[in-house]
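Number of protein chains: 2
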Amino acid sequence: MLKLSKKTDYALMAVQYMSEKGADRVVNTKEIAEEYNIPGELLAKVLQKLGKKGLIVSQNGPKGGYLLAKSPADISVLSVIQAIEGHVGITECYHNEDSTCMQMPRCNIRTPLRNIQNSIYGLLDSMSIAEMKEFGSATIVPQSRLYGHRT
Amino acid sequence: MLKLSKKTDYALMAVQYMSEKGADRVVNTKEIAEEYNIPGELLAKVLQKLGKKGLIVSQNGPKGGYLLAKSPADISVLSVIQAIEGHVGITECYHNEDSTCMQMPRCNIRTPLRNIQNSIYGLLDSMSIAEMKEFGSATIVPQSRLYGHRT
DNA sequence: ATGGTCTCCGATAGAAATAGTCGGCGACTG
DNA sequence: CAGTCGCCGACTATTTCTATCGGAGACCAT
Ligand code: FES
Ligand code: FES
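Taken in order, these protein sequences are the chains called A and B.
All the letters of the first sequence, read from the start, carry residue numbers 1 to 151 under our numbering.
All the letters of the second sequence, read from the start, carry residue numbers 152 to 302 under our numbering.
Written out as structure tokens, the structure is:
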């Protein structure tokens, strides 16, 4: 729990991959799928979603494929995650209207959890794909990434 | 995704509740279940798990129930979460042996994600139940909670 | 000691989210 | 105009989560 779905993993891998290949190189689904042993059809759906969210740009026809829509430094990890998972809530009932949560009236963890959630968002949002790559080699995670959740 | 399970919610509520009631007051399952509209049997299991992990102490017999094992300031939010969810990994394959992950050989997001995960752990670990309660009223989340994951 | 209250535990059923598949359509290149 | 590749929706299978049940054991009060 507190776990990213496989689809999200795939999305991050794909974006990383594209960022490694450079801005001009069009990569297609099959290429990525084979590189990482991902079921092709599933990855296809993931990439389509990323495309719809404007994170990557598609190019049809033979020799077609995908391209990052912006510089890796301008793509936040959070945006990728949200593109795939949609609404992300650390708990079922982040302050939301149509929540059928039975414990709302007396809930004593709503606001605290929401704060924690915002902190996590802040961290994820402040980290770009480009940075993530660096952290792959380094073992250090930057400080002061907590407060200040943008979206 | 990135979501706490209901059981964990219940666990946090219950611990919060006990912390509110004070150290000497024995509370039983039914009491908490009614307070928050939680299915009793399920909550029972949750509390049993917390007991097994040594976070709370059980007391059998009539007038029995549960008690916090330590001061609310010494119980980290992370410990409660882990008690219920067991191993918590932001991704399937946090550096782990028996992972059957097909993309390991080439995975480009393992280490970065692991760092992010550690950051989140650090935040969760550094926050105690007592603190969480305060953050319920305040809307601010403390800075510099990132690096420095204990466990 | 006995009955009622409460924790403890394993098994199980039902519901929901995830992972992965399939088939057809449309766009583009050569 | 044929092959390649993205686009899309429906579908199935698998796993995880939620909740329930039934019975055993501990304890206190009377
Ligand atoms: S769990 Fe739903 S409001 Fe707190
Ligand atoms: S997703 Fe399994 S190793 Fe990266």
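Even for Gly, the Cβ is constructed at its ideal location relative to N, Cα and C.
Source: prediction; values computed, not measured.
- As a beta-bridge residue in DSSP terms, glutamine 59 (chain A) pairs with A:Gly65.
- Only exposed fits alanine 23 (chain A), as fewer than 16 other CB atoms lie within 10 angstroms of its CB.
- Contact note: aspartate 125 (chain A) does not reach chain B at a C-beta cutoff of 9 Å; the least C-beta distance is about 12 Å.
- If you ignore the 5 residues before and after cysteine 258 (chain B), its C-beta comes within less than 8 Å of the C-beta of Cys244, Cys252, all in its own chain and listed in chain order.
- Using a Cβ-Cβ cut-off of 8 Å, aspartate 9 (chain A) counts as an interface residue toward chain B, since at least one Cβ of chain B sits closer than that to its own.
- For isoleucine 241 (chain B), the C-beta contacts it makes with chain A under 9 Å involve Leu2, Lys3, Leu4, in order along the chain.
- The beta carbon of serine 230 (chain B) sits no closer than 8 Å to any beta carbon of chain A.
- In this structure, DSSP gives valine 178 (chain B) an extended state, which the three-state scheme calls strand.
- Note that the C-beta distance between isoleucine 32 (chain A) and proline 72 (chain A) is not below 8 Å.
- In terms of beta-carbon proximity, tyrosine 217 (chain B) stays away from the interface with chain A, with every pair separated by 8 Å or more.
- Aspartate 276 (chain B): member of the alpha helix (DSSP H) spanning 261 to 277, first to last residue.
- Across the structure, valine 26 (chain A) and leucine 67 (chain A) are spaced so that their CA atoms are roughly 6 Å apart.
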